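All remarks here apply to the structure that follows.
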Amino acid sequence: MTATAGAPTWSGPAILVEGVHKAFGEVQALRGVDLAVERGHVLGLLGPNGAGKTTAVKILTTLIEPDRGRALVEGRDVVRSAAAVREIIGLAGQSTAIQEELTGRENLEIMGRLYHLDAKTRRRRSAELLERFELADAADRPTKGYSGGMQRRLDLALSLVSRPAVLFLDEPTSGLDPRSRIGMWEVIQELVSAGTTLLLTTQYLEEADELADEIVVVDRGRVIAAGTAQELKNRVGGDVIEFAVVDPHHLAQAAEAVSALSEHQPTVDAEAGRVALRVGASGSTSLVETVRRLDSLGIRTEGLAVRRPSLDDVFLALTGHGAEAGNGAGVASRRGRNVGHRV
Ligand SMILES: Nc1ncnc2c1ncn2[C@@H]1O[C@H](COP(=O)(O)OP(=O)(O)O)[C@@H](O)[C@H]1O
Ligand SMILES: [Mg+2]
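Right under this line is the structure:
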């Protein structure tokens with residue numbers, strides 16, 4: 007029996023990573039990572055800046071080679087059979103593949119040419135993708151005038167020109183405003199329902215929750231947890247109540263007052279004057295009780311709210327520290343200090 011190109015003859019997982027290490031000089035970007043993604047499933051690789059997400063994606067998409075371990079896409083080894091891997095994958099990376107002096111349609115046509123599609127197929131696929139990603143109206147304008155959301159959609163469209171069996175999206179929504187992010191989620195969900203195997207990286211638990219069947223949490227080059235979004239949230243302990251005290255002298259007293267409302271200890275951020283408390287599924291009841299207790303002590307608060315767990319909360323629950331960057335990248339260290347700061 008002869009296999010047609012791209013048809014899966016491999017009976018193992020669509021993506022398999024075993025014991026992969028990668029260092030850049032002194033920096034250990036990956037320190038023994040294992041992953042498996044079943045065909046047609048979506049894996050969310052969740053972690054803060056510097057965790058090693060892009061390094062893992064680059065290895066799987068044959069852009070760089072691992073130092074140790076192996077990685078297979080549909081059974082093809084990313085080092086020994088790199089060309090065969092490239093035939094069946096699509097990648098929308100963190101930096102755009104768009105040529106900005108060209109129009110959206112031209113970008114798609116060029117991508118089709120790279121994959122040796124004939125002219126008719128190129129034209130048809132470009133038109134379909136432009137339509138599907140709501141870029142038809144802007145198709146013949148230079149892409150440098152596109153909004154951030156439009157550029158991301160075009161990037162995704164470019165990764166689909168070859169109809170890949172396995173798709174990699176590296177932080178597909180970072181930097182997008184909330185509306186464009188939701189638009190992007192819808193597009194990705196459509197793809198997934200069509201059966202594409204997808205590995206996507208993100209810094210947002212909410213995004214992994216929305217899109218992924220399974221989540222693998224990475225930190226400093228290692229997998230620190232894996233499971234469904236619900237399983238991870240259960241480890242966090244459900245909802246989080248947080249508030250800032252108006253008078254910093256009341257901080258310790260406020261934390262003490264609310265600590266009886268949960269089996270977990272409150273987290274106190276002295277610098278920001280904030281208290282965060284994991285309260286399980288009883289968010290709104292606990293919120294009322296929090297107000298009552300603080301009120302009876304005459305402690306004034308700001309921004310009192312209950313929210314769903316974030317990546318920071320997951321990190322705190324798993325590691326005892328926030329989602330700090332392993333190597334001091336600016337954005338991530340800011341996130342790290344603000345454990346529970348987003349309301
Ligand atoms: N080409 C490179 N040269 C040196 N260090 C790198 C290089 N690529 C990544 N790193 C470092 O490896 C670590 C992991 O980076 P990366 O995989 O980009 O993380 P993430 O995508 O999760 O933010 C970081 O400390 C980063 O600074
Ligand atoms: Mg990255």
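Residue numbers (the working numbering): 7 to 349. Glycine included, every Cβ here is placed at the ideal spot set by N, Cα and C. Computed from a prediction, not measured in an experiment: that's the story for all the values here.
Where the beta strand (DSSP E) containing residue i begins and where it ends
i, result
"Q34", "33–43"
"R74", "74–79"
"L403", "Here the chain comprises residues numbered 7 to 349, so residue 403 is not present and cannot be evaluated."
Distance between beta carbons of residue j and residue i, contact taken as under 8 Å
i, j, result
"I394", "S316", "Past the boundaries of the shown model lies residue 394; the chain is included only from 7 to 349, so the question cannot be answered."
"V229", "L49", "Contact flag wrong, Cβ pair sits at about 11 Å."
"P272", "A282", "7 Å"
"T149", "N113", "6 Å"
"V141", "M117", "Sequence check: residue 141 is Leu here, not Val. Not really, about 14 Å apart at Cβ, beyond 8 Å."
"V63", "F174", "5 Å"
Cβ-based burial, residue i [other Cβ within 10 Å; buried from 16]
i, result
"H47", "buried"
"G326", "exposed"
"D253", "exposed"
"L204", "buried"
"V251", "buried"
"H255", "exposed"
"P184", "exposed"
"V33", "exposed"
"G201", "exposed"
"V85", "exposed"
"L206", "buried"
"A311", "exposed"
"T307", "buried"
Limits of the alpha helix (DSSP H) - the one that residue i falls within
i, result
"R313", "Careful: R313 lies outside any alpha helix (DSSP H), inside the beta strand (DSSP E) at 307–313."
"R3", "Here the chain covers residues 7 to 349 and nothing more, so residue 3 does not appear."
"I65", "59–66"
"L166", "154–166"
"L6", "With the chain represented from 7 up to 349, any question about residue 6 goes unanswered, as that position is not in the structure."
"A260", "257–265"
Residue(s) in a DSSP beta bridge with residue i
i, result
"G201", "G201 is not bridged to any residue."
"L359", "No information on residue 359 is available, as it lies outside the stretch 7 to 349 that the chain covers here."
"T234", "Bridge partners of T234: none, in fact."
"P148", "T109"
"L273", "Sequence inspection shows Thr at residue 273; the Leu mentioned does not correspond to that position. DSSP lists A282 as partners of T273."
"F139", "Looking at the DSSP assignment, F139 forms no beta bridge with any residue, so it has no partner."
"D225", "R228"
"E115", "Answer by DSSP bridge pairing: none, since E115 is not bridged."
Stretch pair the stretch 251–267 + the stretch 74–84: three plus CB contacts closer than 8 Å: Contact between the stretch 251–267 and the stretch 74–84 is absent, because fewer than three Cβ pairs lie under 8 Å.
Touching by the beta-carbon criterion (3+ pairs, under 8 Å), the stretch 207–219 and the stretch 169–184: With a cut-off of 8 Å, the stretch 169–184 and the stretch 207–219 count as touching, because enough Cβ pairs lie within range.
The stretch 119–127 touching the stretch 50–68, judged by at least three CB pairs closer than 8 Å: Counting Cβ pairs under 8 Å, fewer than three are found: no touch.
The stretch 91–98 / the stretch 122–139 touching (three or more Cβ pairs under 8 Å): Judged by Cβ distances under 8 Å, the stretch 91–98 makes no contact with the stretch 122–139, as fewer than three pairs qualify.
The stretch 98–113 in contact with the stretch 158–169 per 3-pair CB rule at 8 Å: Enough Cβ pairs lie closer than 8 Å, so yes.
Contact the stretch 192–199 vs the stretch 291–310: 3+ CB pairs below 8 Å: With a cut-off of 8 Å, the stretch 291–310 and the stretch 192–199 do not count as touching, because too few Cβ pairs lie within range.
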